[in-house]
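First residue of the sequence shown? That's 1 in the UniProt record's numbering, and the numbers climb one at a time after it. Idealized CB from N, CA, C, for every residue including glycine.
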Amino acid sequence: MTQSKSIAILIADDDAEDRMLLREAMEENHLPNELFFVENGEELMDFLCHRGNYADKEGYPLPGLILLDLNMPKKDGREALKEIKEDVNLKHIPVVVLTTSKAEEDILKTYDLGVSSFITKPVTFASLVEMIKTLADYWFDLVELPKNPKL
1 MTQSKSIAIL IADDDAEDRM LLREAMEENH LPNELFFVEN GEELMDFLCH RGNYADKEGY
61 PLPGLILLDL NMPKKDGREA LKEIKEDVNL KHIPVVVLTT SKAEEDILKT YDLGVSSFIT
121 KPVTFASLVE MIKTLADYWF DLVELPKNPK L
């Protein structure tokens, strides 16, 4: 990994088991990235805008990549994605939808809103580990990501 040490990953997913499996898949791939987790779209926006529990900019840095579930309580992933891509300070952050949905409507809508990639969650842990490896190779070794703005 070349850039990955400095890139924080923010995972927005309301399912505790999915969050645990994602963490384990990252560890299995020996990724050095700092991981942050939020459980719904409201928490996601609070994290990104440094509000409430996430006011500490040092403790909760802007992520270099967001993994976003679509079906979450309070504010779903679609609503949060729309807000992120409309915000001049956040729209540069790559967002990868990672969801159980395979609905063509969700795929089209999220790409219309500016998502970077749409991935259906793998069903086995081995497939999840492989998907995370591919994701890391692409986002951290191949792609040039923008540097975080001063916020």
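Confirm, please, whether the CB-CB distance from L142 to P94 is below 8 Å. Residue 94 sits at position 94 when you count from the first residue of the sequence shown. Residue 142 sits at position 142 when you count from the first residue of the sequence shown. No, Cβ-Cβ distance for P94 and L142 is not below 8 Å.
Can you tell me whether DSSP reads V129 as helix, strand or coil? Stepping through the sequence shown from its first residue, residue 129 is reached at position 129. V129 falls in the helix class under three-state DSSP.
Cβ pair residue 170, V88 closer than 8 Å: For residue 170 there is no data in the structure shown, the boundaries of the chain being 1 and 151.
Roughly how many angstroms lie between the CA atoms of L31 and L108, to the nearest whole one? In the sequence shown, residue 31 corresponds to position 31, counting from 1. In the sequence shown, residue 108 corresponds to position 108, counting from 1. Cα to Cα, the separation comes out at about 31 Å.
By the 10 Å Cβ neighbour count, where 16 or more other Cβ atoms means buried, how is P73 classified, buried or exposed? In the sequence shown, residue 73 corresponds to position 73, counting from 1. When all chains shown are included, P73 counts as exposed.
Complete beta strand (DSSP E) runs within the UniProt domain "Response regulatory" (8–136) (minimum length 3 residues, chain order): 9–12, 35–38, 65–68, 95–99 and 117–120
Residue from F37, N33, L81 and L135 whose Cα sits closest to the Cα of M20: Reading the sequence shown from its first residue, position 20 is the one you call residue 20. Among F37, N33, L81 and L135, the Cα nearest to that of M20 is on F37.
Burial state of R78 (16 or more Cβ within 10 Å): Here residue 78 refers to the residue found at position 78 of the sequence shown. Result: buried.
Report, in whole angstroms, the separation of the C-beta atoms of S117 and N71, which I expect to be a contact under 8 Å. Along the sequence shown, one-based indexing puts residue 117 at 117. Along the sequence shown, one-based indexing puts residue 71 at 71. Going by Cβ atoms, the distance from S117 to N71 rounds to 18 Å, so no, they are not a contact pair.
Check whether the Cβ atoms of W139 and L48 sit closer than 8 Å, and answer yes or no. What you label residue 139 is simply residue 139 of the sequence shown in a count that begins at 1. What you label residue 48 is simply residue 48 of the sequence shown in a count that begins at 1. Not closer than 8 Å, so no.
Relative to the alpha-carbon of H92, which residue among G59, E83 and R51 has its alpha-carbon at the smallest distance? Translated into the one-based positions of the sequence shown, residue 92 becomes position 92. Of the candidates G59, E83 and R51, the residue whose Cα lies closest to the Cα of H92 is E83.
Please report how far the alpha carbon of I132 lies from the alpha carbon of V115, in whole angstroms. Residue 132 sits at position 132 when you count from the first residue of the sequence shown. Residue 115 sits at position 115 when you count from the first residue of the sequence shown. Distance between the alpha carbons of I132 and V115 is about 18 Å.
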